[in-house]
Amino acid sequence: MSLHVDFIVKENVLLVRLEGELDHHEASRLREAWQQELANNDVGHVIVNLEKLTFMDSSGLGVMLGRYKEVQASGSEMVICSISPEVRRLFDLSGMFKIVKLVDNETFALEMLGVAS
Numbered sequence: 410m411s412l413h414v415d416f417i418v419k420e421n422v423l424l425v426r427l428e429g430e431l432d433h434h435e436a437s438r439l440r441e442a443w444q445q446e447l448a449n450n451d452v453g454h455v456i457v458n459l460e461k462l463t464f465m466d467s468s469g470l471g472v473m474l475g476r477y478k479e480v481q482a483s484g485s486e487m488v489i490c491s492i493s494p495e496v497r498r499l500f501d502l503s504g505m506f507k508i509v510k511l512v513d514n515e516t517f518a519l520e521m522l523g524v525a526s
């Protein structure tokens, strides 16, 4: 299975929904598309919905960390939500949740960032 990505802009938030598998084959494509979305849209914060992501390897973590650093550098916030147990384990092992916030669902993440969904 490959990776399907949806980018949705809600007010000043870029919503990134990932579905499928994020491995080294898909990581560079996602990185480029994500950077393009950040450049083309006047957004500050980013919400990454991982509810339908079934697999991620370390290259996927690299993409997440890179976008986190970009968002942080602009003074904004990145939030992860709706993470599957399989992917959560990788995030836990990597220590990503020490720097990136995890919330239960997309609605809560939007509310937290001041967007009425």
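Under my numbering, the first residue of the sequence shown carries the number 410, and numbering increases by one thereafter. Cβ atoms here follow ideal geometry from the backbone N, Cα and C, with glycine treated the same way.
### Query
Do residue 472 and residue 440 have their C-beta atoms closer together than 8 Å?
yes
### Query
Can the beta-carbon of residue 433 be found less than 8 Å from the beta-carbon of residue 411?
no
### Query
Contact check, residue 491 vs residue 458 under 8 Å by CB: the rounded distance?
5 Å
### Query
Per DSSP, residue 420 is paired with what?
According to DSSP, which records beta bridges pairwise, residue 420 is partnered with nothing at all.
### Task
Compute the beta-carbon to beta-carbon distance between residue 414 and residue 452, rounded to the nearest angstrom, for a pair I have assumed lies under 8 Å.
Distance from residue 414 to residue 452 at the Cβ level is roughly 16 Å; contact not present, criterion being Cβ atoms closer than 8 Å.
### Task
Report the rounded CA-to-CA distance for residue 474 versus residue 523, giving the unit in angstroms.
Cα-Cα distance, rounded: 23 Å.
### Task
State the DSSP-derived secondary structure class of residue 453, mapped to helix, strand or coil.
coil
### Proximal residues to residue 486 (C-beta, below 6 Å), its chain only, five neighbours per side dropped
454
### Task
Please classify residue 415: does DSSP put it in a helix, a strand, or coil?
strand
### Query
Which residue's Cα is closest to the Cα of residue 499: 481, 465, 460?
465
### Task
Report the option in 428, 419, 447 whose CA atom is closest to the CA atom of residue 481.
Proximity to residue 481 across 428, 419, 447 peaks at 447, based on C-alpha coordinates.
### Query
By Cβ distance, which residues of its chain are closer than 6 Å to residue 514, with the 5 residues on each side in sequence left out?
490, 491
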